[in-house]
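To start, the structure under review is shown below, and the notes come after it.
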Amino acid sequence: MGTTTKDHAELSDIFNKDEDRVNWHDETLWFVRAKRDKAAHYIPEWEDLRENASQIKDNVLSNLSQYLISFEEKAQKNGIIVHWAADAQEHNKIVHQILTDNGINRIVKSKSMLTEECHLNEYLEHNNIEVIDTDLGERIVQLAKEAPSHIVLPCIHKKKEEIAELFHQHLGTPKGESDPIFLTAAARIHLREKFITRKAALTGVNFAVAETGEFVVCTNEGNADMGAHLADVHIASMGIEKIIPKRKHLAVFLRILTRSATGQPITTYSSHFKKPRPGQQMHIVLVDNGRTTQLSRPDFRSSLKCIRCAACMNTCPVYRRSGGHSYHTAIAGPIGSILAPNLDMKEYADLPFASTLCGSCSNVCPVKINIHEQLYKWRQVIVKEGYVDSKKATAMKAMEFTLSNPGVYKTAGKVGRWFMKHLPFTVNNNINSWYKQRDMPEVPKESFGEWFKKQNDDK
Amino acid sequence: MTVGLFVPCYIDQFYPNAAIATLNLLQKLGVSVVYPTKQTCCGQPMANSGFEHLTKSCNELFIDNFDEFDYIVSPSGSCTLHIKDHLHSDKREPQATGIRKKVYELTEFLTDILKVEKLNASFPHKVGVHQSCHGQRGLMLAQMSELVAAPFSKPLQLLTMVEGLEIVPLNRPDECCGFGGTFCVAEEAVSVKMGKDRVEDHLNNGAEFITAADMSCLMHMEGILRRKESNVKVIHIAEILNASQ
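Shown next, in the form of structure tokens:
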């Protein structure tokens, strides 16, 4: 990921070559959105919960340094070893060093989008350390040598028949056996052996409590627990924005996280880690990787409130019809499109434009991030920073000239003449992009302006 | 009360009937309407493409044209929202602020300002209502399916006053049609797919007409309907509300 030269529009165009698959992808994710709606509607105070969660996160962002220092102090008292990483590379080096110090070259890892963001797997594999992803969906994409296409449902782009083929090749299941229960049982047997034999487990962090120095990992499969409880070394990687002030705030976040994500009342496992078992090492790596830069951008800082529920992806009509990989970044969808330009504005200049600005994302967001407004604002920044095609800039200037001069507009617009060639929204793209699958509007015999003038002249 | 009629550029050029219906409807309801003839475009196509800094002259022109009125009414949720959210002026910010507060989309003007309770209109057809996102989520013309909140809909409130009109239920009541301004050509594949899916929902539920408070969504869906040689037509909500008995 991140090395592709194709942008979101081109990758979506490829995805849309198979319309049946697009329909299936759309329906699958819409089903998740519908489950979310149902779960939310069971809670009469749902909108208050969102507001509450939003305000807690606002408070966190405004006092982040104090909360982090408090968390570090408490965690250290609890016997956890705390590391600080300025960027992805430092994070990866820290993890590698911990493993080297303990003579470990094989680890299990439960789901952590941060490690995807840091490309930890590639880094460790390059250093001859084997990583087994233990989240079922992540294991599937790992076997397929792909990146997750969704932050909660990593292999949502794969049909069960494709998974059956992967398992047949890698786990030796019978060819053509695609019964989900059978495949899950096969994965369980395969993963149990890894849990038992691996000496180190890496997990993500959903919430870290400043007050107590504990952290909470939410999974539906219990794989984080299996890894962490069996391993001699537990490494937890967390973005610095995952802090919450107090344990009691979990009462808000654990209620909204999974309702927003999958429509479940709560994750199957919400595991609290506070101190290592006797003889166990517990490490936390606190990672910045651009977060403080984002925090310094007034228009975009609230994107750091994200709790990674993916509700914005499931509701996004563009995501559902373009697939997670079309965003060519670890975190896809609307939230990814406002996070990624902070990391690399040139590489991800296309993402804020991969939206109709419909606003559904902001409405489902459990921490009330104004995602669609930030998409609009990123567009302005990207254009000003010059990451836009020069033809488009020239066309925009021509349009400005026409539209700000009523006389020019009238002559140019004489019943659609200028408009047919230069529909304001077709700027820089051949008008054929409209016409390829849509008819043009019929040109009326007169514009409203012309009709109006005639009416008045007749009077 | 004098209302300035703000006619979006593509309505002026391609859908004059929507603007004529808006004008007639307002006049029928006893409103004094002025159409400033030097208007062009709100500047949204540029702003949504990231060129908001190029909309300054459009903004000034808009203030020249519309500052004097008690209200500004437009048959477009999207263009109204753009003015409401983004009209600013280096020289005349108080006027810009005034305009942002007094600009209304047609249906909200009818329900909230004129408080229309009765319409002399008849449209004996099955109609699917497309909730345009900028109108619905931006201007809050109707409750949004994502929120846990009491339902309401200003367009529906008006359409139920039209004799003979039958509203067609939709499977996804407020999914985006995929027009999205420059998105419709820059992201052609997804835009068209979204449009096809939206149109299909209306067709599967038996709509004869698809209506909306935004002609841009309808233009996109019309393009798809006509390409598939469907008999289903798009029609701006003003034309239905103005359809005589």
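Top line first, the protein sequences correspond to chains A and B. The opening position of the first sequence corresponds to residue 176 in this note's numbering, with each subsequent residue numbered one higher. The opening position of the second sequence corresponds to residue 243 in this note's numbering, with each subsequent residue numbered one higher. Virtual Cβ for every residue (Gly too), placed ideally from N, Cα, C. Computed from a predicted model, the values in this text were never measured in an experiment.
Fill in: Continuous beta strand (DSSP E) stretch holding residue 378 (chain A): start and end
The count along the first sequence starts at 1 and reaches residue 378 (chain A) at position 203. Looking at the DSSP string, the run of the beta strand (DSSP E) that includes residue 378 (chain A) is 375-378.
Discussion item. For residue 408 (chain B), would you say it is in contact with chain A, using Cβ-to-Cβ distances shorter than 9 Å as the test?
Written reply: Counted from its first residue, the second sequence places residue 408 (chain B) at position 166. No - not a single Cβ of chain A is within 9 Å of the one on residue 408 (chain B).
Discussion item. If contacts are defined as beta-carbon pairs under 8 Å, then residue 282 (chain B) and residue 289 (chain B) qualify, I think. What distance do you get, rounded to the angstrom?
Written reply: Here residue 282 (chain B) is taken as the residue at index 40 of the second sequence, counted from 1. Here residue 289 (chain B) is taken as the residue at index 47 of the second sequence, counted from 1. At roughly 14 Å, the Cβ-Cβ gap does not stay under 8 Å, so residue 282 (chain B) and residue 289 (chain B) are not in contact.
Discussion item. For residue 258 (chain B), would you say it is in contact with chain E, using Cβ-to-Cβ distances shorter than 9 Å as the test?
Written reply: Checking the listed chains, one finds no chain E in this structure; the protein chains it contains are A and B.
Worksheet item: Which runs of the alpha helix (DSSP H) fall wholly inside the stretch 249-290 of chain A and span at least 4 residues, in chain order?
Response: 263-276
Practice prompt. Leaving out five residues on either side along the sequence, give the residues of the same chain with a beta carbon under 6 Å from the beta carbon of residue 178 (chain A).
Written response: By one-based count along the first sequence, residue 178 (chain A) stands at place 3. Low local confidence applies: a pLDDT of 49 at residue 178 (chain A) is under 50, so the model's placement there is unreliable, with the coordinate-based value given in what follows. Nothing listed; no residue qualifies.
Discussion item. Considering Cα atoms alone, identify which of A:528, A:298, A:581 is closest to residue 556 (chain A).
Written reply: Against the first sequence, residue 556 (chain A) aligns to sequence position 381. Taking only the C-alpha atoms, the option nearest residue 556 (chain A) is A:528.
Worksheet item: In chain B, what lies closer than 7 Å to residue 529 (chain A) by C-beta?
Response: Here residue 529 (chain A) refers to the residue found at position 354 of the first sequence. Going along chain B in sequence order, the residues near residue 529 (chain A) (Cβ under 7 Å) are 429.
Worksheet item: Along the chain, where does the beta strand (DSSP E) that runs through residue 457 (chain A) open and close?
Response: For the purposes of this step, residue 457 (chain A) is taken as the residue at position 282 of the first sequence. That run of the beta strand (DSSP E) goes 456-462.
Item to complete: Kindly give me the distance between the Cβ atoms of residue 204 (chain A) and residue 331 (chain A), rounded to whole angstroms, as I take these residues to be in contact under 8 Å.
Response: In the first sequence, counting from the first residue as 1, residue 204 (chain A) sits at position 29. In the first sequence, counting from the first residue as 1, residue 331 (chain A) sits at position 156. So it is a contact: roughly 7 Å between Cβ atoms.
Discussion item. Using 8 Å for Cβ pairs, my map puts residue 398 (chain A) next to residue 310 (chain A). What's the rounded Cβ distance?
Written reply: To locate residue 398 (chain A), count along the first sequence from 1; it is residue 223. To locate residue 310 (chain A), count along the first sequence from 1; it is residue 135. The Cβ separation is near 6 Å, so the contact holds.
Worksheet item: Looking only at DSSP bridge pairs, what is residue 393 (chain A) linked to?
Response: For the purposes of this step, residue 393 (chain A) is identified with residue 218 of the first sequence, where counting begins at 1. DSSP, once it has assigned bridges, lists A:445 as partnering residue 393 (chain A).
Fill in: Pairwise C-alpha distance: residue 322 (chain A) and residue 176 (chain A)
In the first sequence, the residue the question calls residue 176 (chain A) occupies position 1. In the first sequence, the residue the question calls residue 322 (chain A) occupies position 147. In this prediction, residue 176 (chain A) scores a pLDDT of 42, lower than 50, which makes its location untrustworthy; the coordinate-derived value is nonetheless stated afterwards. If you take the alpha carbons of residue 176 (chain A) and residue 322 (chain A), they lie about 7 Å apart.
Fill in: Top-ranked residue by Cα proximity to residue 462 (chain B), from B:309, B:444, B:436
Residue 462 (chain B) sits at position 220 when you count from the first residue of the second sequence. Residue 462 (chain B) has its Cα closest to that of B:436, out of B:309, B:444, B:436.
Discussion item. Cβ closer than 7 Å: which chain B residues qualify as neighbours of residue 624 (chain A)?
Written reply: For the purposes of this step, residue 624 (chain A) is taken as the residue at position 449 of the first sequence. 254, 279, listed in chain order.
Worksheet item: Between the beta-carbon of residue 429 (chain B) and the beta-carbon of residue 183 (chain A), is there less than 9 Å?
Response: Here the question's residue 429 (chain B) lines up with position 187 in the second sequence. Here the question's residue 183 (chain A) lines up with position 8 in the first sequence. Cβ atoms of residue 429 (chain B) and residue 183 (chain A): closer than 9 Å.
Practice prompt. For residue 532 (chain A), decide whether its Cβ has a neighbour in chain B, counting only Cβ atoms nearer than 9 Å.
Written response: Start at 1 with the first residue of the first sequence, and residue 532 (chain A) comes out as number 357. So yes, residue 532 (chain A) belongs to the interface.
Discussion item. Quick check: what's the CA-CA separation for residue 240 (chain A) versus residue 574 (chain A)?
Written reply: Against the first sequence, residue 240 (chain A) aligns to sequence position 65. Against the first sequence, residue 574 (chain A) aligns to sequence position 399. If I take the Cα positions, the gap works out to 47 Å.
Item to complete: Going by CA-CA distance only, name the one from A:301, A:616, A:288, A:541 that's closest to residue 230 (chain A).
Response: Stepping through the first sequence from its first residue, residue 230 (chain A) is reached at position 55. Among A:301, A:616, A:288, A:541, the Cα nearest to that of residue 230 (chain A) belongs to A:541.
Discussion item. Just to make sure I have the definition right: I need the residues of chain B whose C-beta is within less than 8 Å of the C-beta of residue 199 (chain A). Which are they?
Written reply: The residue given as residue 199 (chain A) occupies position 24 in the first sequence. None at all; the shortest Cβ gap to chain B is about 13 Å.
Worksheet entry | Test: residue 188 (chain A) CB closer than 9 Å to a CB of chain B | Position 13 of the first sequence holds residue 188 (chain A). Closer than 9 Å: yes.
Worksheet item: Nearest to residue 333 (chain B) by CA position, among B:419, B:306, B:459, B:410, is which residue?
Response: As a first step, residue 333 (chain B) must be located in the second sequence, where it is residue number 91. Checked all of B:419, B:306, B:459, B:410; the closest Cα to residue 333 (chain B) is B:306.
Fill in: Among A:419, A:371, A:372, nearest to residue 391 (chain A) - alpha-carbon criterion
Counted from its first residue, the first sequence places residue 391 (chain A) at position 216. Residue A:419 is the option with its Cα nearest to residue 391 (chain A).
Worksheet item: Nearest chain A C-beta to residue 310 (chain B) closer than 9 Å, yes or no?
Response: Against the second sequence, residue 310 (chain B) aligns to sequence position 68. No, because no Cβ of chain A sits closer than 9 Å to the Cβ of residue 310 (chain B).
Worksheet item: residue 413 (chain A) by DSSP, collapsed to three states: which one?
Response: Walking along the first sequence from the start, residue 413 (chain A) turns up at place 238. In the structure shown, residue 413 (chain A) sits in a strand (DSSP, three-state: E or B).
Worksheet item: Helix, strand or coil for residue 475 (chain B) per DSSP?
Response: For the purposes of this step, residue 475 (chain B) is identified with residue 233 of the second sequence, where counting begins at 1. Note: residue 475 (chain B) maps to strand in three-state DSSP.
Worksheet item: Mind pulling the chain A residues with CB within less than 7 Å of residue 318 (chain B)?
Response: Along the second sequence, one-based indexing puts residue 318 (chain B) at 76. Simply none; closest approach about 13 Å.
Fill in: residue 305 (chain A) beta carbon less than 9 Å from that of residue 329 (chain A)
Numbered from its first residue, the first sequence carries residue 329 (chain A) at position 154. Numbered from its first residue, the first sequence carries residue 305 (chain A) at position 130. No.
Worksheet entry | Chain-ordered chain A contacts of residue 299 (chain B) [CB-CB under 9 Å] | Reading the second sequence from its first residue, position 57 is the one you call residue 299 (chain B). 575, 576, 578, 579, 580, listed in chain order.
Worksheet item: What residues are listed by DSSP as bridge partners for residue 384 (chain B)?
Response: Position 142 of the second sequence, counted from the start, is the residue given in the question as residue 384 (chain B). According to DSSP, which records beta bridges pairwise, residue 384 (chain B) is partnered with B:395.
Worksheet item: Cβ-heavy atom distance between residue 422 (chain B) and the ligand GTP below 8 Å?
Response: The model depicted lacks the ligand GTP and carries no ligand whatsoever.
Fill in: residue 337 (chain A) in three-state terms, based on DSSP
Position 162 of the first sequence, counting from 1, holds the residue named residue 337 (chain A). Reduced to three states, the DSSP call for residue 337 (chain A) is helix.
Worksheet item: So what's residue 176 (chain A) in DSSP terms, helix, strand or just coil?
Response: Position 1 of the first sequence, counting from 1, holds the residue named residue 176 (chain A). Any reading at residue 176 (chain A) needs caution, since the residue's pLDDT is 42, under 50, leaving its predicted position unreliable; the model's value is listed next. Reduced to three states, the DSSP call for residue 176 (chain A) is coil.
Practice prompt. Quick one: give me the first and last residue of the alpha helix (DSSP H) that residue 445 (chain B) is part of.
Written response: To locate residue 445 (chain B), count along the second sequence from 1; it is residue 203. Note, residue 445 (chain B): alpha helix (DSSP H), 430-446.
Discussion item. Is it the case that the stretch 359-379 of chain A contacts the stretch 514-521 of chain A, given that we only count it when at least three CB pairs across the two stretches are under 8 Å?
Written reply: no
Worksheet item: Under 9 Å between the Cβ atoms of residue 299 (chain A) and residue 318 (chain A)?
Response: Position 124 of the first sequence, counted from the start, is the residue given in the question as residue 299 (chain A). Position 143 of the first sequence, counted from the start, is the residue given in the question as residue 318 (chain A). No. Outside cutoff.
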